[in-house]
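Reading through the structure tokens given below for one structure.
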Amino acid sequence: MTTGEQILHWLGHLRPHTKSDGVRSLHKPLSVIWALGRVGEGERLHSWSRFDVEAGGLLDAFGGEGSRRTPEYPFGRLRGEQWELVGWAGEAQPGRGELNRLNPSGGFTEAAFAALLDDALRARAIDVVRRTYLGELDQEDVLAAVGLEGWGRASGAPRRTVTREEVERSRRNAAWIKRHYEDTCQLCGTRLALVGRHYSEAAHIRGLGAPHDGPDVPGNMLCLCPNCHKRFDAFALCVDPGGRVLQASEDSTAVVGVLAIRDGHDVDQACVAYHRERCLA
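Quick note: the sequence shown uses the numbering used here, first residue 666, plus one each step.
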């Protein structure tokens with residue numbers, strides 16, 4: 666396996682502790698998602714004192730009812746092929762007293778960190794953690810709390826303030842795509858009728874917001890019904906290289922349609938591939 670594949674395999678098998686009531690502890694996944702947020706800032710190793718405050722605060726906020734605040738558990742137990750401790754030579758799990766006394770550092774290994782600097786791999790890593798372990802949480806709140814706002818949506822984070830020229834361009838492009846398809850969804854064929862008119866939504870394939878930074882052009886847009894737009898944005902629907910519409914679930918994908926493309930609309934296949942990779946991560 667490549668380094669990236671090894672990282673993804675490791676993330677998918679964190680083996681969170683199961684408490685006596687049958688509920689899985691989220692200490693390891695929350696700690697890892699915090700560390701992934703730090704990778705984007707160029708930070709690999711983190712002192713125990715900082716981890717205790719920041720990752721511990723994440724456990725307080727999202728650990729769940731009855732969960733104990735024990736950041737020392739993931740700090741030491743994550744140690745292995747992708748996570749290392751520097752300043753702690755013992756083989757056993759370090760206790761809180763020892764961590765406070767020695768203040769070692771922990772984080773991704775040099776090889777894992779170097780691989781995770783790649784945005785595409787980091788995006789897949791974030792998706793593995795949130796889909797595998799964080800299904801019961803408000804994932805956008807978790808991601809925002811660790812500096813990863815927008816990584817869980819195809820549309821990305823809310824856009825910055827733009828000039829009037831950019832706003833007008835966006836409106837023109839959105840109006841064009843909906844008019845070109847006569848408000849007919851390109852994924853499912855629905856043409857939603859309202860009183861005296863029809864309704865559709867212009868969806869960006871590669872989101873405009875960070876971290877996706879897609880182009881605001883018709884080639885990066887689809888005309889979708891609200892239902893498909895929501896599912897497309899949540900990476901539940903994507904398009905394969907042959908133009909088939911795929912519905913993604915936790916353990917399988919199914920073909921549910923074919924992308925309709927009318928003459929004059931040159932769909933950017935690089936943007937389609939970018940979205941699909943996130944959907945099928």
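Using N, Cα and C, we set each Cβ at its ideal position, and we do this for glycine too.
Between the alpha carbons of residue 923 and residue 875 lies a distance of about 29 Å.
No Cβ-Cβ contact shorter than 8 Å links residue 817 with residue 801. Cβ neighbours of residue 791 within its own chain (closer than 8 Å, five residues either side excluded): 698, 701, 808, 813, 816, 817. Note that the C-beta distance between residue 887 and residue 851 is below 8 Å. Residue pairing by DSSP places residue 912 opposite 902, 919 in a beta bridge. For residue 858, no alpha helix (DSSP H) run applies; the uninterrupted beta strand (DSSP E) run containing it begins and ends at 857 to 859, by DSSP. A direct Cα-to-Cα measurement between residue 918 and residue 938 gives close to 16 Å. Rounded to whole angstroms, the gap between the alpha carbons of residue 671 and residue 776 is 11 Å. Only exposed fits residue 765, as fewer than 16 other CB atoms lie within 10 angstroms of its CB. Relative to the Cα of residue 930, the nearest Cα in the group 783, 762, 842, 761 belongs to 842. The Cβ-Cβ distance between residue 721 and residue 734 falls below 8 Å.
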